[in-house]
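Residue numbers (full-length UniProt numbering): 1 to 238.
Glycine is no exception: its CB is placed at the ideal position from the N, C-alpha and C atoms.
Step one of this worksheet: look at the structure below.
Given below as structure tokens:
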């Protein structure tokens, strides 16, 4: 019975237990379902009105795709490797040193001193040469017209000018009344900075009588024993 049923029919051996030919059975089933649906549509009466519109045309000559000159091969760049990407992580201090023998067993610092400072035997001579060059550059900036005494005199004048500028900036500070300063700060100011009229004022500034005064209002003209202002609570002040 089974053999007679399978005559002229597609069949595939499959097993869900071992997962054999399961995908092939799905593909065969999908193809048969699509074939049946197409047959139904072709046999229907609506296909006659659409047949005249459908026309599949294939080109007689198909040109090959030309390779452009600007096409370049894909080059995979090496990604930057971080320290965390290493399997056996070990921090290497000497890896980025710019020298030939960077893995030599020589300490950088010994007894709190840098060894490289003691390698060059002519370090003191080189230091003296550098100082002499700097002094020569400073002398070249000045003219050779003046003598040594005249240069010293000019330097003293320059120092006095700088001191005067510092004192003028000190005296031109903002005025601070002494009552605004705390007692602790007041003692420090008097010890460190001597009191000057431009910086600290011990007395209140004198009142200046203005010639052009504002006209008095009505309640200001009245005598004080008649007019009494009210307090916030609504009671008259005594």
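query, result
"Whose C-alpha, out of 162, 32 and 95, is nearest the C-alpha of residue 104?", "95"
"Would you mind reading off the limits of the alpha helix (DSSP H) that contains residue 6?", "Element bounds for residue 6: n/a, residue is neither H nor E."
"Which same chain residues end up closer than 8 Å to residue 116 when comparing Cβ atoms and leaving out the 5 residues on each side of it in sequence?", "108"
"Compare the Cα-Cα distances from residue 31 to each of 16, 10 and 100 and report the closest residue.", "10"
"Look at residue 19 and residue 13 and say whether their C-beta atoms are less than 8 Å apart.", "no"
"Can you tell me where the alpha helix (DSSP H) holding residue 121 begins and where it ends?", "Run containing residue 121: none; DSSP gives neither H nor E here."
"Note the first and the last residue of the continuous alpha helix (DSSP H) segment covering residue 172.", "That residue, residue 172, is in no alpha helix (DSSP H); it is neither H nor E in DSSP."
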